[in-house]
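**Q** Numbering (our numbering), first residue to last: 1 to 384. Let me give you the structure first, and then I'll get to my questions.
This is the structure we're talking about:
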C-alpha cells in the first residue's frame, strides 16, 4: 500500500496514531498487502503483454507511424503501478520473513542502521512510483483535452516526463527531508514535521480527484463539438462514439476513486485521533475501529490499482499471448494504383484519445475506419 504512515513508521519515536495501525495484526496486514500486490502484478503483466487475438496488441503494418502521447502515458502508468507493486511485495515479504526486523526500529530496543535504511528506501520507492501515477493520470487528462483542441504534438511527451518525474521526485524528497528532521534516528515530535510530508503526498492525489473530472468533461464537450463541426450534424454513430469516450473516462475515474478514497478517509481519522489528548478513550472506539478497517482496505485496494486501471484503459485483453519479434518492411505503393479512396479514413477524435470500442458505421459513399495508435500497434474500428 502507499501511505505516508509507512515513512512515519521508520521513525523510532513515531506517534500513537501510527502505532495504532501498524501494530494491529501486522502479520495479517503484511500478508494481505503481499497477496494483493502479487495478484495485481501478475494480472497487470498479463494485460499489457502483446496478444494475437487483440488487434491493438499486434505490430502495426504502418511502421513509420509514431505513437501519440496518450498511448505512451497509459503504458507508463501501468509500468509505474508494476514498480509500485514490486516495492510492496519486497517490503511485505521482509516484514513476514523477519518479524523482528521492524522491532529493531525502536527507542526502547535501539535503532539499527540496516532495518531503518530498508524501511526508508522501500517506503520512498512505493511512494515515488504511486505519486508518479497521480501525475501521469493528470497529464493524461491534460493531453486528452489538448489533442482534441489540436494543441498537442508528439514532442509534448518529453514535457510530461519532465513534469511528472520532476514533481514526483521533488515532493517525495522534500516530504522525507521534513519528516526525518533533524535525523532519522531522532525524528522531531509533533505534527509540525509530519504535516508537510502528508501535504506533498496527498496534493497530487487530490489534484487528480478534482482536476481530472473537469478536464474529462471539457474533453467530452469538445469531442461533441468537433464531431458536429465536421459534417454539421451529430449522427447516432457519432453520439455512440462520444458516449464510449465518456464511459472510458468514467471508468478511469471510478477505478482511481475506489483505490484511493480509503487513504483520504483513513488519514483524516488518524489525524483526528492525533489531535485528541487521549485517543484510547471508549468514546473514540468507533473512530479507532474505522481507522483500522480503512487501513486494511487500503492494503488491498492500493496495489490493485494497476490491474483495475488496465481494465479501464484496455478492457480484458485475454490470454492469447504473442511474444514473437516481427520485422517490418516499408510498404511501397505505385502512384498509379493508389487512390485516395483506397486509403482508410482516420478519425482524429478516436485516434487521439486512443478510444477502445467496436462501433459500426458505414456511410453510403465509402467505408470509414477509425485507427487507434499505440506505441507499436494500430487498431482499426469498422463502422457499419
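In this text, a Cβ means the ideal position worked out from N, Cα and C, and glycines have one as well.
Taking the alpha carbon of residue 86 as the point to measure from, which residue in 254, 244, 121 and 249 has its own alpha carbon closest?
**A** Position 86 of the chain shown, counted from the start, is the residue given in the question as residue 86. Minimum Cα distance to residue 86 is reached at 121.
**Q** With DSSP run on the structure shown, which of helix, strand or coil describes residue 13?
**A** Along the chain shown, one-based indexing puts residue 13 at 13. Coil.
**Q** Could you compute how far the alpha carbon of residue 194 sits from the alpha carbon of residue 241?
**A** The residue labelled residue 194 in the question sits at position 194 within the chain shown. The residue labelled residue 241 in the question sits at position 241 within the chain shown. Taking the straight line from one Cα to the other gives about 47 Å.
**Q** Quick one, which of 308, 315, 157 and 184 has its alpha-carbon nearest residue 71's?
**A** In the chain shown, the residue the question calls residue 71 occupies position 71. For the residues 308, 315, 157 and 184, the minimum Cα distance to residue 71 belongs to 157.
**Q** Compare the Cα-Cα distances from residue 123 to each of 251, 10 and 161 and report the closest residue.
**A** Here residue 123 refers to the residue found at position 123 of the chain shown. The option with the nearest alpha carbon to residue 123 is 10.
**Q** Using 8 Å as the threshold, is the segment 211–228 in touch with the segment 137–144, meaning 3 or more CB pairs across them?
**A** Enough Cβ pairs lie closer than 8 Å, so yes.
**Q** Using only the alpha-carbon positions, how far apart do residue 49 and residue 299 sit?
**A** Counted from its first residue, the chain shown places residue 49 at position 49. Counted from its first residue, the chain shown places residue 299 at position 299. If I take the Cα positions, the gap works out to 26 Å.
**Q** Could you pull out every residue in the same chain whose Cβ sits closer than 7 Å to the Cβ of residue 80, ignoring the five residues on either side in sequence?
**A** Looking up residue 80 in the chain shown gives position 80. Here the set comprises 129, 132, 133 and 136.
**Q** If we ignore side chains and look at the alpha-carbon of each, how far apart do residue 74 and residue 99 end up?
**A** Your numbering for residue 74 matches position 74 in the chain shown. Your numbering for residue 99 matches position 99 in the chain shown. C-alpha separation (whole angstroms): 37 Å.
**Q** Helix, strand or coil for residue 387? Go by DSSP, reduced to three states.
**A** The structure shown does not extend to residue 387, since the chain is modelled only from 1 to 384, so the question has no answer here.
**Q** Quick check on residue 51: does DSSP put it in helix, strand or coil?
**A** Against the chain shown, residue 51 aligns to sequence position 51. Note: residue 51 maps to strand in three-state DSSP.
**Q** Mind checking whether residue 21 and residue 292 have CB atoms under 8 Å apart?
**A** On the chain shown, residue 21 is found 21 positions in, with the first residue counted as 1. On the chain shown, residue 292 is found 292 positions in, with the first residue counted as 1. Yes, the pair counts as a contact, with Cβ atoms nearer than the cut-off.
**Q** Given that a residue counts as buried once 16 or more other Cβ atoms are within 10 Å of its Cβ, and exposed if not, what is residue 3?
**A** Residue mapping note: residue 3 aligns to position 3 of the chain shown, counting from 1. Buried, because 16 or more other Cβ atoms sit within 10 Å of the Cβ of residue 3.
**Q** Note the first and the last residue of the continuous alpha helix (DSSP H) segment covering residue 143.
**A** Walking along the chain shown from the start, residue 143 turns up at place 143. Looking at the DSSP string, the run of the alpha helix (DSSP H) that includes residue 143 is 113–148.
**Q** Among 204, 210 and 17, which one has its Cα closest to the Cα of residue 172?
**A** Position 172 of the chain shown holds residue 172. It is 204.
**Q** Take residue 148 as the anchor and find which of 208, 199, 227 and 24 has the nearest alpha-carbon.
**A** Locating residue 148 in the chain shown gives position 148, where the first residue counts as 1. Ranking the options by Cα distance to residue 148, first place goes to 227.
**Q** By the 10 Å Cβ neighbour count, where 16 or more other Cβ atoms means buried, how is residue 183 classified, buried or exposed?
**A** As a working note, residue 183 is residue 183 in the chain shown. Exposed, because fewer than 16 other Cβ atoms sit within 10 Å of the Cβ of residue 183.
**Q** Just confirm the distance between the C-beta atoms of residue 42 and residue 304, as a whole number of angstroms; I'd bet it's less than 8 Å.
**A** On the chain shown, residue 42 is found 42 positions in, with the first residue counted as 1. On the chain shown, residue 304 is found 304 positions in, with the first residue counted as 1. Residue 42 to residue 304, Cβ: 12 Å. No contact.
**Q** With a threshold of 6 Å on Cβ separation, who are the neighbours of residue 91 within its own chain once the five nearest residues in sequence on each side are excluded?
**A** As a working note, residue 91 is residue 91 in the chain shown. Only 122 meet the Cβ criterion.
**Q** From residue 169 to residue 18, what does the alpha carbon distance come to, in whole angstroms?
**A** Here residue 169 refers to the residue found at position 169 of the chain shown. Here residue 18 refers to the residue found at position 18 of the chain shown. Their Cα atoms are separated by approximately 24 Å.
**Q** Would you kindly report the start and end of the unbroken alpha helix (DSSP H) that includes residue 167?
**A** Start at 1 with the first residue of the chain shown, and residue 167 comes out as number 167. Start and end: 156–179.
**Q** If residue 307 and residue 44 are in contact, beta carbons under 8 Å, what's the gap, nearest whole angstrom?
**A** Stepping through the chain shown from its first residue, residue 307 is reached at position 307. Stepping through the chain shown from its first residue, residue 44 is reached at position 44. Yes, they are in contact, since the Cβ atoms of residue 307 and residue 44 sit about 5 Å apart, within 8 Å.
**Q** Using a Cβ-Cβ cut-off of 6 Å (strictly less than) and excluding sequence neighbours within five positions of residue 198, which residues of its own chain qualify?
**A** Reading the chain shown from its first residue, position 198 is the one you call residue 198. Answer for residue 198: 4, listed in chain order.
**Q** For residue 12 and residue 238, I'd like the C-alpha separation in whole angstroms.
**A** Here residue 12 is taken as the residue at index 12 of the chain shown, counted from 1. Here residue 238 is taken as the residue at index 238 of the chain shown, counted from 1. Their backbone Cα atoms lie some 60 Å apart in a straight line.
**Q** Where residue 118 and residue 89 are concerned, what is the direct C-alpha to C-alpha distance, given to the nearest angstrom?
**A** For this step, residue 118 is matched to residue 118 along the chain shown. For this step, residue 89 is matched to residue 89 along the chain shown. Rounded to whole angstroms, residue 118 to residue 89 spans 13 Å at the Cα level.
**Q** Report yes if the C-beta distance between residue 321 and residue 32 is below 8 Å; otherwise report no.
**A** The residue you call residue 321 lines up with position 321 of the chain shown. The residue you call residue 32 lines up with position 32 of the chain shown. Contact: no.
**Q** Taking 7 Å as the cut-off, is the CB of residue 11 close to at least one heavy atom of the ligand PLP?
**A** Questions concerning the ligand PLP fall outside what the structure shown contains, since it holds no ligand whatsoever.
**Q** Does the beta-carbon distance from residue 269 to residue 287 come in below 8 Å?
**A** The residue given as residue 269 occupies position 269 in the chain shown. The residue given as residue 287 occupies position 287 in the chain shown. Cβ distance < 8 Å, so residue 269 and residue 287 count as in contact.
**Q** Could you please give the first and the last residue of the uninterrupted alpha helix (DSSP H) stretch that includes residue 304?
**A** As a working mapping, residue 304 is identified with position 304 in the chain shown. Unbroken alpha helix (DSSP H) run through residue 304: 285–314.
**Q** The alpha helix (DSSP H) spanning residue 80 covers which residue range?
**A** The residue given as residue 80 occupies position 80 in the chain shown. First-last of the alpha helix (DSSP H) with residue 80: 69–97.
**Q** Taking the Cβ atom as the reference point for each residue, do residue 255 and residue 312 lie within a distance shorter than 8 Å?
**A** Here residue 255 refers to the residue found at position 255 when the chain shown is read from its first residue. Here residue 312 refers to the residue found at position 312 when the chain shown is read from its first residue. Going by C-beta atoms, residue 255 is nearer than 8 Å to residue 312.
**Q** Have a look at residue 262 and residue 294 and give me their C-alpha separation to the nearest angstrom.
**A** Here residue 262 refers to the residue found at position 262 when the chain shown is read from its first residue. Here residue 294 refers to the residue found at position 294 when the chain shown is read from its first residue. Between residue 262 and residue 294, the C-alpha separation is close to 6 Å.
**Q** Per DSSP, residue 321 is paired with what?
**A** Here the question's residue 321 lines up with position 321 in the chain shown. Bridge partners of residue 321: 51.
**Q** Rounded to the nearest angstrom, what separates residue 28 and residue 236 at their Cα positions?
**A** Your numbering for residue 28 matches position 28 in the chain shown. Your numbering for residue 236 matches position 236 in the chain shown. Near 52 Å, if we compare the C-alpha coordinates of residue 236 and residue 28.
**Q** How is residue 219 classed by DSSP in three states: helix, strand or coil?
**A** Here residue 219 corresponds to residue number 219 of the chain shown, with the count starting at 1. Residue 219: helix per DSSP, three-state reduction.
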